[in-house]
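A quick write-up on the structure given underneath.
Protein chains: 2
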Amino acid sequence: MEHSQHSASLARAQSALSREEKLFELADLFRLFADSTRIRILYALSGGELCVGALSTLLSLEQSTVSHQLKVLRESRLVTYRREGKTNLYSLSDEHVSSILDAGFTHLLEEEEH
Amino acid sequence: MEHSQHSASLARAQSALSREEKLFELADLFRLFADSTRIRILYALSGGELCVGALSTLLSLEQSTVSHQLKVLRESRLVTYRREGKTNLYSLSDEHVSSILDAGFTHLLEEEEH
DNA sequence: CTTTCATATGAATATCCGTTCATATTATAT
DNA sequence: ATATAATATGAACGGATATTCATATGAAAG
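Just so you know, the protein sequences line up as chains A and B, in that order. For the first sequence, the working numbering assigns the number 1 to the initial residue and increments by one for each residue that follows. For the second sequence, the working numbering assigns the number 115 to the initial residue and increments by one for each residue that follows.
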C-alpha cells in the first residue's frame, strides 16, 4: 500500500488531522440540518418566533412531530423558547443558524447554473 | 388595495415558496455533510487531491468504506476525480464545499465560548 | 496473458432515527 | 375542581443507510 503521491498534499492533509476531532462534532451539527422537517422548522423560525401549533399548521406536520424535532433542536441549542401563557414561543438561538442555511443556499443556487 | 404593494407581497410570497421547496434539496445537501466518514473525506480533500488508498490510510477506514462514500460524494457532485495510472485522484468539485464546512466550524467555535 | 496493485461494486447485516399513536404535563378559564 | 387548550413525552414500528465481506473491474508490469 505505497502512495508515491505523498509530499505536499498528504502533508497538508495530515496537518488537517489536528482538527480531525472537531469533524465528528461538525458531522453532528450538520446532521441537525439534514432532515427536511428540522430544516423547515429552522427556516420558518428565521422569520421570527413561532409557537408549536403555528409551526404545525404552517408546515403541515403533526403536533407531535414538530414537538419531537423541537426537542432535538432545543437540546442541541439551535433554538430556544419562552413561555407565554399556554403557548411556547420558539426562536433561533443565534444568527449562525441562518448563516449555515445561507451557505447551503448559495451552493444550491450555483449548482443550478450548470 | 394598491397594485405595487400587492405584487411586491406576491413576489415575496413566491420567493418564500420557492425557498420552501428548496429546503428539501437543502436537507439532502446537508445530509452529505452529516456523516463523519464523508465529512472527514471532504476535509482531507480540502487540502488537495488524494487517492483512495491515501484517504483510507489517513482516516483509518477500510478501502471499501472510502470507495462507497466517494461514490456518494461523486454522484452528488461534491467531488471529482482524475485517473492517473492505476490510481484515482479525488478532489473537491468547488470552493462551496469548503465554505459550508467553514460556516459549520464558525458555529462550533462560538459554541465553545460558553 | 497472467499477475499484481488500486479501486469499484453488490449483497447482507446492523444500527440509527423520524414518525405515529397514545398518554402525560402544564396553564388558563369557567 | 374540572374542563379544555397547548405542548411534551414514551414506546414501537418502519425505513433509510453506513459498514463489512466477497468479488469484480481496470490498468500496468513482467
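Glycine residues also receive a C-beta, built at the ideal position from the N, C-alpha and C atoms.
Beta-carbon separation (whole angstroms), residue i vs residue j, contact threshold 8 Å
| i | j | result |
| --- | --- | --- |
| LEU175 of chain B | THR151 of chain B | 6 Å |
Contact test: residue i Cβ vs the ligand NAD heavy atom, cutoff 8 Å
| i | result |
| --- | --- |
| GLU189 of chain B | No copy of the ligand NAD occurs in the structure displayed, which carries no ligand at all. |
Beta-carbon contacts of residue i that lie in its chain and below 6 Å, excluding the five residues immediately before and after
| i | result |
| --- | --- |
| SER98 of chain A | SER46 |
| GLY167 of chain B | none |
| LEU17 of chain A | Per-residue confidence for LEU17 of chain A stands at a pLDDT of 47, beneath the threshold of 50, marking its modelled position as unreliable; the derived number appears in the next sentence. No residues qualify anywhere along the chain. |
CA-to-CA distance, residue j to residue i, given in whole angstroms
| i | j | result |
| --- | --- | --- |
| ARG188 of chain B | ARG133 of chain B | 25 Å |
| ALA34 of chain A | LEU89 of chain A | 23 Å |
| ASP208 of chain B | LEU92 of chain A | 30 Å |
| GLU110 of chain A | ALA158 of chain B | 23 Å |
| GLU139 of chain B | GLY199 of chain B | 36 Å |
| ASP216 of chain B | ALA27 of chain A | 13 Å |
| THR194 of chain B | ARG82 of chain A | 46 Å |
| LEU164 of chain B | GLU49 of chain A | 45 Å |
| SER190 of chain B | GLU135 of chain B | 19 Å |
| HIS107 of chain A | HIS114 of chain A | 12 Å |
Cβ-based neighbour list, residue i, same chain, cut-off 8 Å, excluding 5 preceding and 5 following
| i | result |
| --- | --- |
| GLU116 of chain B | Bear in mind that a pLDDT of 47 at GLU116 of chain B, under 50, signals an unreliable position, so the model cannot answer this. |
| LEU78 of chain A | LEU32, LEU42, LEU92, SER93, VAL97 |
| GLN177 of chain B | VAL166, GLY167, SER170 |
| GLU112 of chain A | none |
Residue j beta carbon less than 9 Å from that of residue i
| i | j | result |
| --- | --- | --- |
| ILE214 of chain B | GLN183 of chain B | no |
| ARG145 of chain B | PHE105 of chain A | no |
| SER170 of chain B | VAL186 of chain B | no |
| LEU172 of chain B | ILE39 of chain A | no |
Beta-carbon contacts of residue i that lie in its chain and below 7 Å, excluding the five residues immediately before and after
| i | result |
| --- | --- |
| SER129 of chain B | none |
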